[in-house]
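**Student:**
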Amino acid sequence: MSETPEKLREEAVKYFNETLDLMQKGKNAEALESLQKAESSAQKAEDGPILFHILKVRGQLLQSLDMLEEALETYAFSLIMSEKLLSEDPGNKLYTDTLHLNLNNLGNLGNTFQRMGNFSSSRQAYEIGIEICQNLLASYPENEFYRMYAGNTLNNLGELLFTMGEPDEAKEKFEEALKTYSLLLKNSPDNPEYLSDTAMTLNNLGTLYSEKGQKAEAKENFEKALDILKKLSEKEPGNEKLREEVRLTREKFEAV
1 MSETPEKLRE EAVKYFNETL DLMQKGKNAE ALESLQKAES SAQKAEDGPI LFHILKVRGQ
61 LLQSLDMLEE ALETYAFSLI MSEKLLSEDP GNKLYTDTLH LNLNNLGNLG NTFQRMGNFS
121 SSRQAYEIGI EICQNLLASY PENEFYRMYA GNTLNNLGEL LFTMGEPDEA KEKFEEALKT
181 YSLLLKNSPD NPEYLSDTAM TLNNLGTLYS EKGQKAEAKE NFEKALDILK KLSEKEPGNE
241 KLREEVRLTR EKFEAV
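The numbering of the sequence shown is full-length UniProt numbering, which starts it at 1 and goes up by one.
1) Can you round the beta-carbon distance between I132 and L79 to whole angstroms, since I take them to be within the 8 Å contact cut?
2) CA-CA distance, A71 and R58?
3) With respect to the alpha helix (DSSP H) encompassing G117, which residues constitute its N-terminal and C-terminal limits?
4) Kindly indicate which three-state DSSP category M81 falls into: helix, strand or coil?
5) G107: buried (16+ other C-beta within 10 angstroms of its C-beta) or exposed?
6) Would you check if the distance between the CB atom of L8 and the CB atom of S34 is smaller than 8 Å?
7) Looking only at its own chain, which residues have a Cβ that is under 6 Å from the Cβ of Q63, when we skip the five neighbours before and after it?
8) Within 10 angstroms of the Cβ of D197, are there 16 or more other Cβ atoms? Answer buried if so, exposed if not.
9) Apply the 10 Å Cβ neighbour rule to Q134 and answer buried if 16 or more other Cβ atoms are within range, or exposed otherwise.
10) Can you have a look at K241 and say buried or exposed, based on whether 16 or more other CB atoms are within 10 angstroms of its CB?
11) Can you find the residues in the same chain that come closer than 6 Å, C-beta to C-beta, to M23, ignoring five residues on each side of it along the sequence?
12) Decide if K56 is buried, meaning its Cβ has at least 16 other Cβ atoms within 10 Å, or exposed.
13) By DSSP, does D47 sit in helix, in strand, or in coil?
14) Roughly how many angstroms separate the alpha carbons of S210 and N155, rounded to a whole number?
15) Report all residues from its chain with a CB closer than 6 Å to the CB of L157; omit the five preceding and five following residues, and keep chain order.
16) With a threshold of 7 Å on Cβ separation, who are the neighbours of K219 within its own chain once the five nearest residues in sequence on each side are excluded?
17) Any idea what DSSP makes of M164, helix, strand or coil?
18) Taking the C-alpha atoms as reference points, what is the distance between M1 and E10?
19) Let me confirm a value: residue 257 is counted as buried when at least 16 other C-beta atoms fall within 10 Å, else exposed. Which label applies?
20) Return helix, strand or coil for S188, following the three-state DSSP convention.
21) In this structure, how does DSSP classify D97 when only helix, strand and coil are distinguished?
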């Protein structure tokens, strides 16, 4: 006799709770086995909410086990599902929080792939995040989280493309990042995070121009970055990191 949907749901919840318990104990390999059982039962029961929660945990679990390609696939699928569910229920905090979480996880995974030298997977992670954010900004044009994420990820993609020997594409991404930050700064002109990120991208663009032998453009971007960093440093005189960024940017400017 086949199991009823209610029984299958109970089974899925049991295995899901077991997964969380095993993760807390650091038994991630066993946790993944339990999660797979939970997913199988939830699929048979056709229970969307339980599958949503399973998906939310699976990416992080896979990443903890260094199954990075599988984690990338899970984050991408979960983002698409979260975006769809959010469009149907815009006020749902769970969908919003899960979408934010998975965007951050995806961005961090892209950075991890880049450090490992896995440039194709890094690029894929960044491009998925940018596409999702651009879609969301069409519906939520005032959302600062999505715009900030898009700007940071465009900058990261620009750095990756520059490392890959694609300076023209990198330049395009840096310029898109700067446009994104300028929209944020329109409403919050003194926001230190937006200003700091703008200076970072200007520095990256300056380095790119310097490598290409375009000295005037390099100097212009380094000078803009230096002006921003000096102002930020004046507001936080005890911030050693900012002082170091000012020093390094000044050195780049003077070396061109």
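Here a beta-carbon is modelled for each residue, glycine too, at the ideal position from N, C-alpha and C.
**Tutor:** Inspection of the coordinates gives the following:
1) In the sequence shown, the residue the question calls residue 132 occupies position 132. In the sequence shown, the residue the question calls residue 79 occupies position 79. Contact flag correct, Cβ pair sits at about 5 Å.
2) The residue labelled residue 71 in the question sits at position 71 within the sequence shown. The residue labelled residue 58 in the question sits at position 58 within the sequence shown. Between A71 and R58, the C-alpha separation is close to 8 Å.
3) Position 117 of the sequence shown, counting from 1, holds the residue named residue 117. Run containing G117: none; DSSP gives neither H nor E here.
4) As a working note, residue 81 is residue 81 in the sequence shown. In this structure, M81 counts as helix in the three-state DSSP scheme.
5) Numbered from 1 along the sequence shown, position 107 holds the residue referred to as residue 107. Result: buried.
6) As a working mapping, residue 8 is identified with position 8 in the sequence shown. As a working mapping, residue 34 is identified with position 34 in the sequence shown. No, the pair does not count as a contact, with Cβ atoms beyond the cut-off.
7) Counted from its first residue, the sequence shown places residue 63 at position 63. Excluding residues within five positions, the ones whose Cβ falls inside 6 Å are A71.
8) Residue 197 sits at position 197 when you count from the first residue of the sequence shown. Counting every other CB atom within 10 Å of its CB across the protein chains shown gives D197 a total of 16 or more, marking it as buried.
9) If you number the sequence shown from 1, residue 134 lands on position 134. With fewer than 16 other Cβ atoms from the protein chains shown falling within 10 Å of its own Cβ, Q134 counts as exposed.
10) Translated into positions along the sequence shown, residue 241 becomes position 241. Exposed, since its Cβ has fewer than 16 Cβ neighbours within 10 Å.
11) Taking the first residue of the sequence shown as 1, we reach residue 23 at position 23. If you ignore the 5 residues before and after M23, its C-beta comes within less than 6 Å of the C-beta of A31, all in its own chain and listed in chain order.
12) Position 56 of the sequence shown, counting from 1, holds the residue named residue 56. Looking at its Cβ environment, which holds 16 or more other Cβ atoms inside 10 Å, K56 is buried.
13) Start at 1 with the first residue of the sequence shown, and residue 47 comes out as number 47. D47: coil per DSSP, three-state reduction.
14) As a working note, residue 210 is residue 210 in the sequence shown. As a working note, residue 155 is residue 155 in the sequence shown. Going by the C-alpha atoms only, they are around 17 Å apart.
15) For this step, residue 157 is matched to residue 157 along the sequence shown. Cβ neighbours of L157 beyond the five flanking positions: Y126 and K173.
16) As a working mapping, residue 219 is identified with position 219 in the sequence shown. Excluding positions up to five away in sequence, the list reads F253 and V256.
17) Residue mapping note: residue 164 aligns to position 164 of the sequence shown, counting from 1. In the structure shown, M164 sits in coil (DSSP, three-state: anything other than H, G, I, E or B).
18) As a position in the sequence shown, residue 1 is number 1, starting the count at 1. As a position in the sequence shown, residue 10 is number 10, starting the count at 1. Confidence is the limiting factor: at M1 the pLDDT is only 43, short of 50, which leaves the residue's position unreliable and the question unanswerable from this model.
19) A query on residue 257 cannot be resolved here, the shown segment of the chain reaching from 1 to 256 and no further.
20) As a working mapping, residue 188 is identified with position 188 in the sequence shown. DSSP, read as helix, strand or coil, puts S188 in coil.
21) Stepping through the sequence shown from its first residue, residue 97 is reached at position 97. Three-state DSSP puts D97 in a helix.
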